[in-house]
Amino acid sequence: MLLQQLVNGITVGSLYALMALGLTMVYGVLRILHIAHAAVFTLGAYGGLWAWHVTGSFWIALGCAMASAVAAGLAMERWVYWPLLGKPPIATLIASIGLFVGLEELYRIAAGPQPYAFALTPRLPELRWGPVLITPPQALVISVTAALLAALWLLLVRTRLGLALRAASQDRDMATTCGMNVRRVVAFDFALGSALAGAAGMLVGIYYNSVSPTMGDVAGYKGLAIIVLGGLGSIPGTVLGGLIVGVVETLVIGLVELPLPRDAWAFVAMIAVFLIRPQGLLGGR
Amino acid sequence: MYVYTVATLIGIYCILTLGLNTVTGMAGQISLGHAAFLGIGAYTAAVLMVTYHWGFWPALIAAVVAAAASGAVVGGAAIRVRDDFLPITTMGVNFVVVAVFLYSPFFGGAFGIGGIPSPTWFGAPVGKPGFLVLVVAAVLLTLAVNLWLLRSWAGLALLATREDEDGAHAAGVDVRKFKIAAFTIGTGLAGLAGGLYASCLTFISADDFGFPFSITILCMLVFGGIGTNRGAIAGAIVLGALPELFRPLAEYRMLTYGAILVLLMRWAPHGLLGEESALWRRLARRRAA
Numbered sequence: 004m005l006l007q008q009l010v011n012g013i014t015v016g017s018l019y020a021l022m023a024l025g026l027t028m029v030y031g032v033l034r035i036l037h038i039a040h041a042a043v044f045t046l047g048a049y050g051g052l053w054a055w056h057v058t059g060s061f062w063i064a065l066g067c068a069m070a071s072a073v074a075a076g077l078a079m080e081r082w083v084y085w086p087l088l089g090k091p092p093i094a095t096l097i098a099s100i101g102l103f104v105g106l107e108e109l110y111r112i113a114a115g116p117q118p119y120a121f122a123l124t125p126r127l128p129e130l131r132w133g134p135v136l137i138t139p140p141q142a143l144v145i146s147v148t149a150a151l152l153a154a155l156w157l158l159l160v161r162t163r164l165g166l167a168l169r170a171a172s173q174d175r176d177m178a179t180t181c182g183m184n185v186r187r188v189v190a191f192d193f194a195l196g197s198a199l200a201g202a203a204g205m206l207v208g209i210y211y212n213s214v215s216p217t218m219g220d221v222a223g224y225k226g227l228a229i230i231v232l233g234g235l236g237s238i239p240g241t242v243l244g245g246l247i248v249g250v251v252e253t254l255v256i257g258l259v260e261l262p263l264p265r266d267a268w269a270f271v272a273m274i275a276v277f278l279i280r281p282q283g284l285l286g287g288r
Numbered sequence: 002m003y004v005y006t007v008a009t010l011i012g013i014y015c016i017l018t019l020g021l022n023t024v025t026g027m028a029g030q031i032s033l034g035h036a037a038f039l040g041i042g043a044y045t046a047a048v049l050m051v052t053y054h055w056g057f058w059p060a061l062i063a064a065v066v067a068a069a070a071s072g073a074v075v076g077g078a079a080i081r082v083r084d085d086f087l088p089i090t091t092m093g094v095n096f097v098v099v100a101v102f103l104y105s106p107f108f109g110g111a112f113g114i115g116g117i118p119s120p121t122w123f124g125a126p127v128g129k130p131g132f133l134v135l136v137v138a139a140v141l142l143t144l145a146v147n148l149w150l151l152r153s154w155a156g157l158a159l160l161a162t163r164e165d166e167d168g169a170h171a172a173g174v175d176v177r178k179f180k181i182a183a184f185t186i187g188t189g190l191a192g193l194a195g196g197l198y199a200s201c202l203t204f205i206s207a208d209d210f211g212f213p214f215s216i217t218i219l220c221m222l223v224f225g226g227i228g229t230n231r232g233a234i235a236g237a238i239v240l241g242a243l244p245e246l247f248r249p250l251a252e253y254r255m256l257t258y259g260a261i262l263v264l265l266m267r268w269a270p271h272g273l274l275g276e277e278s279a280l281w282r283r284l285a286r287r288r289a290a
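Heads up: the protein sequence lines correspond to chains Z and H, in order. The first sequence maps to residues 4 to 288 in my numbering. The second sequence maps to residues 2 to 290 in my numbering.
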């Protein structure tokens, strides 16, 4: 029972981590809170659902989810975030909230307020291990997340672009001084984070079998809570934070009756961390 | 009658934007949870009046005190939190507060609280026009508080904190004290709005005080011109009346708000009547001539 809850928790937690990584990467380089990231996530879910209906292929759907998310992320970077760089942080934050609220409403108008089913059954075996059962959607979520995280790690550690990204997140001005094209690094940063969010959106749609305009709400806010837990800008911290929130949430809900809904607890935990350890769990700065 | 209700609600929006202006416009502390304090005020007044049969006036005062006290606690947490984290913290506070209202039977749970009595004036109910007069008086009181604050030494300290926190600190301003004071005053005003709101609508539920409403208040303030009292009032009136004047707009309200926020930040961050806005500079020049 406990092990089963652990599996459920890791599944949910890996979805949170995937979603929150983009937030952390944008904060790391630009020091802005990318609230509209949740709208990118939702767009990924719709893009994936559309492509799956048209082609019936999981891989094409995943590609479409990530591509649509990348397009949205790059457009935001190009027309909203980059021009606002250097303005007071409140301007960027308010613009980001405006983007989020407006886009969510746009999805509602375009696709209707009702949730769509995302009835994709992955052709994976049911893994049974004594009393523990890993369902095909869970196996899909965990394996795709693991693959994406591994790819991200290789990209960041083994490529020149990854090195540039890490340099820019350490000190953007110094990176510029050293002759780096920071403009391109920022665009790359947005593209990478948005691609992960798009994949997360589609996987969430499949896992809960539902795609709706407001699906980004809880995911987005929780993503913010997670990057805070993990220490803003720390990529390993974010993955760890996502898994912790997912596992703790699932375990606690399964074991005890609580007076508050599960989504509120992530915020209670976040506020507690703020007060006790303002730099986050793994944050050094 | 409907016109009175709309005008009363716009008056309540004015109190909310003026309160948020104290926190965000003057002290520079970004709050994304202003609606939570409206909710705390509204629920305090509603529970006291419906469950404990308090009169309107003591309940209204209790609403202000409850909201200001919770605001002081959040302000106390805010001084521990770095600038970037404050918006997320206040947003989290908003979610937790709504969840408490929604899940606690004491606050009516998902059904909300109904049958909230209207205020009486020497034994007679004030009626809708009377209530509007009451709200306008509350707006004037709020404006008086803000004007007094702006002209006092404390107001100067708040503006200094907004412009340069470290500089203000070095100049001998107790930044932490003034941040907490700004939160206490701003959220107390939201509590006043909450008491009036509960009594005006006679029915409240947790969803009225969610994060989208916090965004709506912020949008009104930014649209009018953040940092100025005239901007706060102009924003509340224009954005409060627009959906009523153009019905099709009500359908796309959040889309409009979102677009307004992005476009304003991109091209006119000072809003309609802010200190540096084109319109206000033109008005000021005309007055000088």
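Where is the CB? At the ideal position from N, CA and C, for every residue including glycine. In this text, all values refer to a predicted model and were calculated from it rather than measured experimentally.
Near residue i, which residues of its chain fall below 7 Å by C-beta distance, leaving aside the five closest residues on each side in sequence?
i	result
Val144/Z	Thr14, Ser17, Leu18, Leu206, Tyr210
Ala194/Z	Val73, Gly76, Leu77
Pro118/Z	Ser213, Val214, Ser215
Would you verify that the beta carbon of residue i is, or is not, closer than 9 Å to some beta carbon of chain H?
i	result
Leu96/Z	yes
Phe270/Z	yes
Arg34/Z	yes
Phe277/Z	yes
Ala228/Z	yes
Tyr19/Z	no
Glu129/Z	no
Tyr49/Z	no
Ile274/Z	yes
Leu106/Z	yes
Tyr30/Z	yes
Using only alpha-carbon positions, find the residue among the options that is nearest to residue i.
i	options	result
Ala194/H	Leu246/H, Val66/H, Ala169/H, Leu33/H	Val66/H
Ile205/H	Asn95/H, Gly40/H, Ile31/H	Gly40/H
Trp154/H	Arg287/H, Met2/H, Met27/H	Met27/H
Thr143/H	Ala279/H, Arg286/H, Cys15/H, Gly272/H	Cys15/H
Ala78/H	Glu276/H, Leu264/H, Ile218/H, Ile181/H	Ile181/H
Arg34/Z	Asp85/H, Ser278/H, Ala46/H, Val24/H	Asp85/H
Gly113/H	Ser119/H, Tyr104/H, Pro120/H	Tyr104/H
His54/H	Glu277/H, Val7/H, Ile117/H, Arg231/H	Ile117/H
Quick check: is the beta carbon of residue i nearer than 9 Å to any beta carbon in chain Z?
i	result
Glu277/H	no
Ile89/H	yes
Gly29/H	yes
Ala78/H	yes
Asp167/H	no
Ile216/H	yes
Asp208/H	no
Gly93/H	yes
Pro130/H	no
Apart from the five residues on each side of it in sequence, which residues of its chain come closer than 6 Å, Cβ to Cβ, to residue i?
i	result
Met69/Z	Ala198, Gly201, Ala202
Arg177/H	Ile80
Pro244/H	Leu250, Ala251, Arg254
Leu33/H	Pro88, Thr91, Met92, Ser215
Ile247/Z	none
Gly249/Z	Gly12, Val15, Gly16, Tyr19
Tyr198/H	Ile13, Ala43
Arg288/Z	Because Arg288/Z carries a pLDDT of 46, less than 50, the predicted location of this residue cannot be relied on, and the following value inherits that uncertainty. The answer is none, since no qualifying residue turns up.
Asp3/Z	The requested residue 3/Z does not occur in the structure, where chain Z is confined to residues 4 to 288.
Gly232/H	Gly225, Gly226, Gly272, Leu274, Gly275
Just the chain B side, please: which residues come within less than 7 Å of residue i by C-beta, in chain order?
i	result
Ala267/Z	In the displayed structure, chain B is absent; the protein chains listed are Z and H.
Enumerate in chain order the residues of its own chain whose CB-to-CB distance from residue i is below 8 Å, with the five nearest sequence positions on each side excluded.
i	result
Ala190/Z	Leu77, Glu80, Arg81
Tyr5/H	Lys129, Pro130, Phe132, Leu133
Against residue i, what residues of chain H qualify as contacts under a CB-to-CB distance less than 9 Å, listed in chain order?
i	result
Leu102/Z	Gly259, Leu262, Val263
Leu88/Z	Here the premise fails: no neighbours, minimum Cβ distance about 12 Å.
Cβ closer than 9 Å: which chain Z residues qualify as neighbours of residue i?
i	result
Arg177/H	What Arg177/H touches in chain Z: nothing, since even the nearest Cβ is about 15 Å away.
Gly12/H	Near Gly12/H there are no residues of chain Z at all, since even the closest Cβ is about 24 Å away, more than 9 Å.
Kindly list, in the order they appear in chain H, the residues whose Cβ is closer than 7 Å to that of residue i.
i	result
Val231/Z	Phe86, Ile89
Could you name the residues of chain H that residue i contacts, counting a contact when the two beta carbons are closer than 8 Å?
i	result
Gly196/Z	Simply none; closest approach about 17 Å.
Leu26/Z	Residues of chain H passing the Cβ test: none, with the nearest at roughly 10 Å.
Leu109/Z	Leu256
Contact set between the segment 100-123 of chain H and chain Z, restricted to residues whose Cβ is under 9 Å from the partner: Ala100, Val101, Leu103, Tyr104, Ser105
Listed in chain order, which residues of the segment 132-154 of chain Z have Cβ atoms closer than 9 Å to some Cβ of chain H? none
Members of the segment 219-243 of chain H that neighbour chain Z once the beta carbon cut-off is set at 9 Å: Leu219, Cys220, Val223, Ile227
For the segment 206-224 of chain Z, list every residue whose C-beta sits within 7 Å of some C-beta in chain H, in sequence order. Tyr224
Output, in sequence order along the chain, the residues in the segment 245-267 of chain H whose CB is closer than 9 Å to any CB in chain Z. Glu252, Tyr253, Arg254, Met255, Leu256, Thr257, Tyr258, Gly259, Ala260, Ile261, Leu262, Val263, Leu264, Leu265, Met266, Arg267
Would you list, in chain order, the members of the segment 236-270 of chain Z that have their beta-carbon closer than 8 Å to a beta-carbon of chain H? Pro262, Leu263, Pro264, Asp266, Ala267, Phe270
Relative to chain H, which residues along the segment 74-85 of chain Z have a C-beta separation below 7 Å, given in chain order? Val83
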